[in-house]
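Worksheet: the structure to be examined is printed underneath.
2 protein chains.
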Amino acid sequence: MGQRRRVVVVGGGFGGLACVRELRGAACDVTLIDKKNHHVFQPLLYQVATAALSPANIAAPIRKIVSSQRNCSVVLGEVTGVDVGLRTVTAGGRVYPYDYLVLACGARHAYFGHDGWEAWAPGLKTIEDALEIRRRILLAFEAAELADDPGVRRAELTFVIVGGGPTGVELAGAIAEIAAKSIPRDFRRVDTRTARVVLVQSGDRVLEEYPEALSVRARRDLEALGVHVRTGTRATEVDRHGVTLLVRETGRHERLDARCVIWAAGVRASPLGAQLGAEVDRAGRVRVGADLSIEGHPEVFVIGDQMACADSATGRDVPGVAQGAIQSGAFVGKTIRAELAAQARGGAVPVRGVFRYRDLGSMATIGRARAVAAIGNRRFAGFIAWVLWSAVHVLALIGFRSKVMAMLEWAWLYLFWSRGARLITGEEAGDL
Amino acid sequence: MGQRRRVVVVGGGFGGLACVRELRGAACDVTLIDKKNHHVFQPLLYQVATAALSPANIAAPIRKIVSSQRNCSVVLGEVTGVDVGLRTVTAGGRVYPYDYLVLACGARHAYFGHDGWEAWAPGLKTIEDALEIRRRILLAFEAAELADDPGVRRAELTFVIVGGGPTGVELAGAIAEIAAKSIPRDFRRVDTRTARVVLVQSGDRVLEEYPEALSVRARRDLEALGVHVRTGTRATEVDRHGVTLLVRETGRHERLDARCVIWAAGVRASPLGAQLGAEVDRAGRVRVGADLSIEGHPEVFVIGDQMACADSATGRDVPGVAQGAIQSGAFVGKTIRAELAAQARGGAVPVRGVFRYRDLGSMATIGRARAVAAIGNRRFAGFIAWVLWSAVHVLALIGFRSKVMAMLEWAWLYLFWSRGARLITGEEAGDL
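Sequence order for the protein chains is A and B. Quick note on numbering: the first sequence equals residues 1 to 432 in my numbering. Quick note on numbering: the second sequence equals residues 1 to 432 in my numbering.
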């Protein structure tokens with residue numbers, strides 16, 4: 001009997017975990033490497049950013065998640081190198097040899113060449129990002145309460161969200177609700193209900209990937225919450241004092257003074273992909289074949305937000321959403337498992353299947369008790385969509401414990417508009 | 001009718017909030033200034049540090065707490081100056097005049113002149129402190145899992161808590177439980193049950209302020225959890241690699257290699273007290289009279305951990321505990337209220353009362369379902385003391401909401417040993 005095969009999975013997000021799970025009980029040693037100790041349930045990150053949930057409600061230690069899978073070890077460390085020739089990965093100064101490598105490193109937000117904007121318009125990908133955004137939102141109201149100059153106060157109470165996808169829509173709705181419902185009674189000098197929330201979207205409609213009827217409904221619901229939805233508009237400058245917008249229809253620039261700007265427009269895949277020697281697209285994603293491996297290296301797979309994979313049915317790239325990550329991860333896990341089993345039997349290695357992405361639908365919440373959802377050919381909006389959204393997300397949250405806690409937090413928020421996590425942490429509030 | 005009187009309260013801890021509450025409905029404008037936006041329920045901070053609770057479980061926005069008290073405004077800002085001559089306070093560059101000033105700034109941990117130790121042995125006073133300690137505890141286990149050298153591994157698995165008061169005892173018990181119960185199954189290479197938790201106490205017994213029988217019981221319970229209790233021992237050096245201890249009995253020095261050292265020995269009051277021109281003791285506390293005002297300035301009060309006040313009954317200083325803060329805050333609030341009422345009536349200002357500290361008892365938990373408590377002349381230990389402890393702390397948590405959530409987190413921890421907040425946040429784990 002030969003040495004046990006080694007499978008190295010980089011990244012403990014949806015994709016990496018789905019892959020690891022398929023290898024449960026397989027005759028291999030799985031090493032799961034992540035630079036964080038926790039898996040984050042990213043679709044709910046905006047709720048941490050808007051003070052509805054605590055980080056621990058939507059995150060769980062990766063070790064704990066795979067605790068009972070005895071063939072899997074977890075390594076906390078940042079992968080700095082991949083050598084597809086030597087078949088090794090380097091993380092935290094240690095070298096991990098592999099027989100199979102699965103890269104599931106995900107993506108960060110991207111600024112289309114304006115990296116300097118990040119300081120003034122943070123994006124939302126990690127727990128740290130969410131806490132920083134929460135801090136900025138809450139500090140803006142605090143600064144407005146202290147401001148004597150009406151112009152300054154106006155800028156403090158202006159929130160700009162760049163990007164009208166699901167994250168942008170959800171953030172805009174939640175911030176509008178905070179200002180209008182959660183906190184007005186807590187301030188004495190400022191009327192937080194006068195806050196202005198602006199959602200900037202370069203395309204013609206919000207939620208562009210969704211059916212058009214849902215975009216229309218989402219816009220209407222956002223506007224009912226007081227959100228200024230600016231479609232056909234893009235940011236051409238972001239600085240300490242606000243954003244400059246270019247309105248496509250008029251070709252005119254417009255300036256918005258705003259203390260709090262949040263970036264929800266565009267992502268860029270992990271730079272690790274560039275080390276593979278495979279083709280990488282403009283967004284840094286690694287081009288993979290129908291079996292999700294890279295050209296010339298059938299033992300190297302790239303999945304989730306990090307892969308660029310033409311959907312075999314539509315020809316369009318598989319979208320960078322949780323479902324794409326889970327499905328691609330599970331597909332690769334099954335592929336590896338089948339090959340290991342064949343080798344163990346001494347049989348022929350099976351021909352690899354073709355990855356098919358199955359669109360299970362899309363959903364986005366727009367504030368309390370409102371959402372839009374597209375599932376198959378069916379469309380839902382309003383309260384029923386929100387109930388659907390809640391059910392799906394509660395069920396999907398990793399671990400029974402998180403489910404119960406998050407559900408209770410939501411019940412509280414629903415009943416009392418009370419946000420349980422209104423904490424400004426980190427640096428002292430010295431810049432007020 | 002003259003101008004409304006202005007009361008400025010600095011600090012939204014137990015003392016400041018108790019004072020503000022007594023002024024509800026009084027004919028004055030209260031300004032509550034704090035450099036954090038949240039009140040922290042400090043007795044439970046160690047549970048955040050040991051990953052049992054999330055920050056939001058034990059903290060609440062100060063604005064929210066005083067939301068319904070219409071004569072109170074909250075200012076987020078750090079007080080940088082007090083001028084008792086001009087009767088003004090400066091915070092965040094703004095000047096706040098006062099007719100009454102109440103300083104309730106609390107204390108930070110102190111290193112007896114070795115401030116450089118803080119980098120290697122953080123103390124526990126704020127949410128940020130708690131998250132940093134949690135990070136270090138969890139990272140130590142991660143590093144141990146990766147370590148190849150047995151000596152390094154031993155150091156990674158050695159936790160030293162300096163200071164055997166309630167905080168030290170509670171931290172030591174909780175860390176021992178994490179290592180023995182919560183996480184062993186999550187690690188593959190290292191047996192976390194071999195972790196060594198050392199509690200260093202310079203005096204002859206832990207919980208020195210408690211009745212001796214409880215100290216004995218606490219020690220026994222800690223030892224049953226595997227904690228090494230080192231009384232009569234003090235730290236003479238703390239550095240990157242561990243601590244040097246001096247054992248009083250033998251006069252010998254001893255070296256302990258440890259990655260994670262936590263400081264729970266000694267506090268120092270806020271430096272703001274020194275600006276008052278009043279007498280300040282060795283720990284930075286401001287000496288106050290029987291009415292808790294400073295000499296020559298009956299309009300300036302100092303309360304809670306920041307005051308040095310001889311108890312009128314025992315002659316000993318009122319201890320720096322939550323009860324001392326609450327009682328002194330309420331006392332000062334009542335004094336101010338009575339004087340304002342007398343002025344409004346045009347009557348004589350009433351003679352001030354004498355503050356009397358009422359010892360309501362002491363409690364400390366030692367791990368799951370174990371505690372010690374002294375209430376009046378009664379002593380409790382073990383499970384019954386733990387039930388008492390839980391009841392008192394749950395009832396005392398600010399806000400009904402936090403109570404329910406914390407109770408549920410505890411129920412979970414009690415039933416499943418599962419810690420809900422095992423997240424390493426902040427800096428990347430690059431130093432592993």
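Positions of the beta carbon are idealized from the N, C-alpha and C atoms, including for glycine.
> Alpha carbon to alpha carbon, how far is V197 of chain B from H228 of chain B?
Replying inline: For the purposes of this step, residue 197 of chain B is taken as the residue at position 197 of the second sequence. For the purposes of this step, residue 228 of chain B is taken as the residue at position 228 of the second sequence. Each residue's alpha carbon lies about 6 Å from the other.
>> Against E156 of chain B, what residues of chain A qualify as contacts under a CB-to-CB distance less than 9 Å, listed in chain order?
In response: Your numbering for residue 156 of chain B matches position 156 in the second sequence. Correct list: empty, because the minimum Cβ distance to chain A is about 13 Å.
> chain B partners of L161 of chain A, CB-CB under 7 Å?
Replying inline: Taking the first residue of the first sequence as position 1, residue 161 of chain A is located at position 161. The amino acid at residue 161 of chain A is misidentified as Leu; the sequence shows Ile. Neighbours of I161 of chain A on chain B: none; closest Cβ ~22 Å, over 7 Å.
> CB-CB under 7 Å to A258 of chain A, same chain, minus the five flanking residues each way: which ones, in chain order?
Replying inline: One-based indexing of the first sequence puts residue 258 of chain A at position 258. Only A155, T158, F159, V160, G242, V243 meet the Cβ criterion.
> Whose CA, out of B:S293, B:P271, B:G376, B:D34, lies closest to the CA of C309 of chain B?
Replying inline: To locate residue 309 of chain B, count along the second sequence from 1; it is residue 309. The option with the nearest alpha carbon to C309 of chain B is B:S293.
> Less than 8 Å separating the beta-carbons of Y357 of chain B and L171 of chain B?
Replying inline: Your numbering for residue 357 of chain B matches position 357 in the second sequence. Your numbering for residue 171 of chain B matches position 171 in the second sequence. Against a cut-off of 8 Å, the Cβ pair of L171 of chain B and Y357 of chain B comes out as no contact.
>> Checking 8 Å against the spacing of the C-beta atoms, do V82 of chain B and V75 of chain B come in under that value?
In response: Counted from its first residue, the second sequence places residue 82 of chain B at position 82. Counted from its first residue, the second sequence places residue 75 of chain B at position 75. In this structure, V75 of chain B does not lie closer than 8 Å to V82 of chain B by Cβ.
> Taking all protein chains shown into account, do 16 or more other C-beta atoms lie within 10 angstroms of the C-beta of D221 of chain B, making it buried, or fewer, making it exposed?
Replying inline: Working through the second sequence from its first residue, we reach residue 221 of chain B at position 221. With 16 or more other Cβ atoms within 10 Å, it is buried.
> Whose Cβ in chain B lies nearer than 7 Å to the Cβ of R188 of chain A?
Replying inline: Residue mapping note: residue 188 of chain A aligns to position 188 of the first sequence, counting from 1. Chain B residues near R188 of chain A: S73.
> Where does Y57 of chain A land, buried or exposed, given buried means 16+ other C-beta within 10 angstroms?
Replying inline: Reading the first sequence from its first residue, position 57 is the one you call residue 57 of chain A. First, the amino acid is wrong: residue 57 of chain A is Asn here, not Tyr. With 16 or more Cβ atoms within 10 Å of its Cβ, N57 of chain A is classed as buried.
> Which of helix, strand or coil does DSSP assign to R55 of chain B?
Replying inline: Taking the first residue of the second sequence as position 1, residue 55 of chain B is located at position 55. The sequence shown places Pro at residue 55 of chain B, rather than the Arg named in the question. If DSSP states are grouped into helix, strand and coil, P55 of chain B belongs with the helices.
>> Give me the chain B residues within the contact set of I424 of chain A, using Cβ-Cβ distance strictly less than 9 Å, ordered along the chain.
In response: For this step, residue 424 of chain A is matched to residue 424 along the first sequence. Going along chain B in sequence order, the residues near I424 of chain A (Cβ under 9 Å) are K36, N37, H38, P61, L76.
> Given a threshold of 16 other Cβ atoms within 10 Å of its Cβ, counted over all protein chains shown, does P97 of chain B qualify as buried or as exposed?
Replying inline: Looking up residue 97 of chain B in the second sequence gives position 97. With fewer than 16 Cβ atoms within 10 Å of its Cβ, P97 of chain B is classed as exposed.
> In chain A, which residues lie less than 7 Å from L17 of chain B when you measure between Cβ atoms?
Replying inline: Residue 17 of chain B sits at position 17 when you count from the first residue of the second sequence. The contacting residues do not exist; L17 of chain B stays about 15 Å from chain A at best.
> How many Å lie between A59 of chain A and F41 of chain A at the Cα?
Replying inline: As a position in the first sequence, residue 59 of chain A is number 59, starting the count at 1. As a position in the first sequence, residue 41 of chain A is number 41, starting the count at 1. Spanning the two alpha carbons is a distance of roughly 6 Å.
> Which residues does DSSP pair with G242 of chain A in a beta bridge?
Replying inline: Position 242 of the first sequence holds residue 242 of chain A. Partner(s): A:D239, A:D257.
>> Please identify the residue among A:A265, A:E212, A:W389, A:R70 whose C-alpha is closest to the C-alpha of R108 of chain A.
In response: Your numbering for residue 108 of chain A matches position 108 in the first sequence. With distances taken between Cα atoms, R108 of chain A lies closest to A:A265.
> Can you tell me the Cα-Cα spacing of G320 of chain A and E208 of chain A, whole angstroms?
Replying inline: One-based indexing of the first sequence puts residue 320 of chain A at position 320. One-based indexing of the first sequence puts residue 208 of chain A at position 208. Near 14 Å, if we compare the C-alpha coordinates of E208 of chain A and G320 of chain A.
> For the candidate residues A:R268, A:L272, A:G232, A:P271, whose alpha-carbon lies nearest to that of H253 of chain A?
Replying inline: Residue 253 of chain A sits at position 253 when you count from the first residue of the first sequence. Ranking the options by Cα distance to H253 of chain A, first place goes to A:G232.
>> Runs of 3 residues minimum, wholly inside the stretch 189-237 of chain A: which ones carry the beta strand (DSSP E) assignment?
In response: 196-201, 228-231
> Leaving out the 5 sequence neighbours to the left and right, which residues in its chain are closer than 7 Å to R24 of chain B when beta-carbon positions are compared?
Replying inline: To locate residue 24 of chain B, count along the second sequence from 1; it is residue 24. Closer than 7 Å at the Cβ level, and outside the excluded window around R24 of chain B, lie Q69.
>> Tell me the rounded alpha-carbon separation between V169 of chain A and R379 of chain A.
In response: Taking the first residue of the first sequence as 1, we reach residue 169 of chain A at position 169. Taking the first residue of the first sequence as 1, we reach residue 379 of chain A at position 379. Using only the alpha carbons, I get a separation of about 18 Å.
> Using CA coordinates, which residue listed in A:F383, A:H297, A:L340, A:D359 is at the minimum distance from A313 of chain A?
Replying inline: By one-based count along the first sequence, residue 313 of chain A stands at place 313. Closest by alpha carbon: A:D359.
>> Is there a Cβ of chain A sitting closer than 8 Å to that of V288 of chain B, yes or no?
In response: Residue mapping note: residue 288 of chain B aligns to position 288 of the second sequence, counting from 1. So, not an interface residue.
>> Residues of chain A with CB closer than 8 Å to the CB of E142 of chain B, please, in chain order.
In response: For the purposes of this step, residue 142 of chain B is identified with residue 142 of the second sequence, where counting begins at 1. By Cβ distance, chain A contributes N37, L76.
> Which of helix, strand or coil does DSSP assign to E427 of chain B?
Replying inline: As a working mapping, residue 427 of chain B is identified with position 427 in the second sequence. For E427 of chain B, the predicted structure reports a pLDDT of 49, less than 50, and the residue's modelled location is therefore unreliable. A value from the coordinates is still provided. E427 of chain B falls in the coil class under three-state DSSP.
>> Can you tell me which residues form a DSSP beta bridge with T158 of chain B?
In response: On the second sequence, position 158 is the one that residue 158 of chain B refers to. Partner(s): B:R196.
>> On the CB-based measure, 16 or more other CB atoms within 10 Å of its CB, does A186 of chain B come out buried or exposed?
In response: Residue 186 of chain B sits at position 186 when you count from the first residue of the second sequence. It should be noted that the sequence gives Asp, not Ala, for residue 186 of chain B. Burial call: buried.
> Counting only beta-carbon atoms, is R185 of chain A nearer than 8 Å to chain B?
Replying inline: As a position in the first sequence, residue 185 of chain A is number 185, starting the count at 1. By this cut-off, R185 of chain A is an interface position.
> With 8 Å set as the bound, which would you pick, yes or no: does the beta-carbon of L23 of chain B sit closer than that to a beta-carbon of chain A?
Replying inline: Residue 23 of chain B sits at position 23 when you count from the first residue of the second sequence. Not an interface residue.
> Just checking my contact of L32 of chain A with V48 of chain A at CB under 8 Å: how many whole Å lie between their CB atoms?
Replying inline: Counted from its first residue, the first sequence places residue 32 of chain A at position 32. Counted from its first residue, the first sequence places residue 48 of chain A at position 48. Contact flag wrong, Cβ pair sits at about 24 Å.
> Exposed or buried, T236 of chain A, counting other C-beta atoms within 10 Å across all chains shown (16 or more means buried)?
Replying inline: Within the first sequence, numbered from 1, the residue matching residue 236 of chain A stands at position 236. So T236 of chain A ends up on the exposed side.
> Could you give the distance in angstroms between the alpha-carbon of F355 of chain B and the alpha-carbon of D291 of chain B?
Replying inline: In the second sequence, residue 355 of chain B corresponds to position 355, counting from 1. In the second sequence, residue 291 of chain B corresponds to position 291, counting from 1. Cα to Cα, F355 of chain B sits roughly 6 Å from D291 of chain B.
> Closest Cβ-Cβ distance between K334 of chain A and chain B: below 8 Å?
Replying inline: Within the first sequence, the letter at position 334 stands for residue 334 of chain A. For K334 of chain A, the answer is no, since every Cβ of chain B falls outside 8 Å of its Cβ.
> Could you give the C-beta distance for V300 of chain A and V7 of chain A, rounded to a whole number, given that I count them as a contact under 8 Å?
Replying inline: Start at 1 with the first residue of the first sequence, and residue 300 of chain A comes out as number 300. Start at 1 with the first residue of the first sequence, and residue 7 of chain A comes out as number 7. V300 of chain A to V7 of chain A, Cβ: 11 Å. No contact.
>> Buried or exposed for I384 of chain A, going by 16 or more other Cβ atoms inside 10 Å?
In response: Position 384 of the first sequence, counted from the start, is the residue given in the question as residue 384 of chain A. Exposed.
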